[in-house]
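Below is one structure, written out as structure tokens, with a few remarks after it.
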Amino acid sequence: MPKKNNMLITDDGTYVNKKDTHSMMFVALCRVLTFALIVLGLIAFITGNM
Amino acid sequence: MYDLKRRMYEVVEASGVGDASSKAYDILMATTIIVGMIPLTLRKDNYFTMAIEIATCIILFIDYCARVYTADYKMGYKSFKAYVAYIFTPLAIFDLLSIVPIIYLFLPVSSSIGLLKLFRVFRVVKLIRYSKTMVIISNVFRKVKTQLVAVVILIVIYIIVAAMLIFQFEPDLFRNFFDAIYWATISITTIGYGDISPQTDVGRLIAMISAVMGVVVIALPSGMITAAYINEINKKKTKYEL
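Chains A and B, in that order, are what the protein sequence lines are.
So for the first sequence, the working numbering puts the first residue at 1; every next one is plus one.
So for the second sequence, the working numbering puts the first residue at 1001; every next one is plus one.
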């Protein structure tokens, strides 16, 4: 059987694809960073112009 | 088979339809570029601008490393030469220049080191990747590149000749030759600030010729770019209709 790095064998012998989980985590990380950057940018702009 | 490198390439390139990871990454990069420009709108750095600088440079550095790592997919062939060739492409050079401002955070403050901050403007070029409209515009400029270069050379020659003439006929008007170049540029582009105005008849004649030349020469590239842009739009429309 070919080796699949994104799969694991559960106790009852079925395969679980972790690719979707990785994608969701990556999308969540990107969104958190985007939001954090926007907030930081707004604070920097407001405090810099005071 | 889950190929991590291929997937990384798909994510860092501009997103296709239905690719949520790539779209989220594109939004993050576009936000990074725009937020990274905010310190340029402020007179002094503060704690938050330093934090923006560090965060944006780290994200852009990771992006650059990912793009270099997947350069063999980008260039279309698997070889060490693909990586080297990619590093010297225009967008890769702009990517590298946009990371340069981080250096000034680690070096002693001086006026020359502070100029590194200006490299932040190169980040705007990166936005080309993430906007379909910008891709169209860059295609348009690529198509009319030869004609544009010819017109720009004509304009530069005229500016230098006009500057030399006015510098000789109005020596009291200009501190140095750069002022004459400045005046010739402002005249030919028909902006005419009025801060420097010729006083002699010959000087005014040169100014009149510059104004007329300006109307003709500045209209040329506008027409070329507009025609090429319309062709590009029509080509895309035809492609979708077929």
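Virtual Cβ for every residue (Gly too), placed ideally from N, Cα, C.
Can a CB atom of chain B be found closer than 9 Å to the CB of residue i?
i	result
residue 21 of chain A	no
residue 1 of chain A	Caution is warranted here: a pLDDT of 49 is assigned to residue 1 of chain A, below 50, making its placement in the model unreliable, and the coordinate value is therefore given only provisionally. Closer than 9 Å: no.
Run through DSSP, which three-state label would residue i get?
i	result
residue 1013 of chain B	coil
residue 1075 of chain B	helix
residue 1174 of chain B	coil
residue 21 of chain A	helix
residue 1001 of chain B	Residue confidence is low: residue 1001 of chain B scores 47 on pLDDT, short of 50, so the model does not pin down where it sits. Its coordinate-derived value is still stated next. In the structure shown, residue 1001 of chain B sits in coil (DSSP, three-state: anything other than H, G, I, E or B).
residue 50 of chain A	coil
residue 1037 of chain B	coil
residue 1179 of chain B	helix
residue 1043 of chain B	coil
residue 1099 of chain B	helix
residue 1198 of chain B	coil
residue 1 of chain A	The predicted position of residue 1 of chain A is uncertain, since its pLDDT is 49 and thus under 50; a value taken from the coordinates is nonetheless stated next. Correct three-state label for residue 1 of chain A: coil.
residue 1190 of chain B	coil
Is the shortest distance between the beta-carbon of residue i and the beta-carbons of chain A less than 9 Å?
i	result
residue 1101 of chain B	no
residue 1021 of chain B	yes
residue 1024 of chain B	yes
residue 1031 of chain B	yes
residue 1060 of chain B	no
residue 1005 of chain B	no
residue 1044 of chain B	yes
residue 1049 of chain B	yes
residue 1089 of chain B	no
residue 1185 of chain B	no
residue 1118 of chain B	no
residue 1041 of chain B	yes
residue 1034 of chain B	yes
residue 1055 of chain B	yes
residue 1154 of chain B	no
Pull up the distance between the alpha-carbon of residue i and that of residue j, whole angstroms please.
i	j	result
residue 1052 of chain B	residue 1086 of chain B	28 Å
residue 33 of chain A	residue 1028 of chain B	7 Å
residue 51 of chain A	residue 50 of chain A	Residue 51 of chain A lies beyond the residue range present for chain A, which begins at 1 and ends at 50; the question has no answer from this structure.
residue 1101 of chain B	residue 1157 of chain B	35 Å
residue 1062 of chain B	residue 1042 of chain B	26 Å
residue 1010 of chain B	residue 1082 of chain B	17 Å
residue 1001 of chain B	residue 1151 of chain B	Reliability fails at residue 1001 of chain B, whose pLDDT of 47 lies under 50, so the model's placement of it is uncertain and the value that follows must be treated cautiously. Near 53 Å, if we compare the C-alpha coordinates of residue 1151 of chain B and residue 1001 of chain B.
residue 1059 of chain B	residue 1088 of chain B	21 Å
residue 1068 of chain B	residue 29 of chain A	22 Å
residue 1034 of chain B	residue 1159 of chain B	35 Å
residue 1126 of chain B	residue 1020 of chain B	20 Å
residue 1096 of chain B	residue 1071 of chain B	14 Å
residue 1080 of chain B	residue 1128 of chain B	27 Å
residue 1171 of chain B	residue 1046 of chain B	46 Å
Please classify residue i as buried or exposed, where buried requires at least 16 neighbouring CB atoms within 10 angstroms.
i	result
residue 1234 of chain B	exposed
residue 1133 of chain B	exposed
residue 1057 of chain B	buried
residue 1188 of chain B	buried
residue 1040 of chain B	exposed
residue 1191 of chain B	exposed
residue 1202 of chain B	exposed
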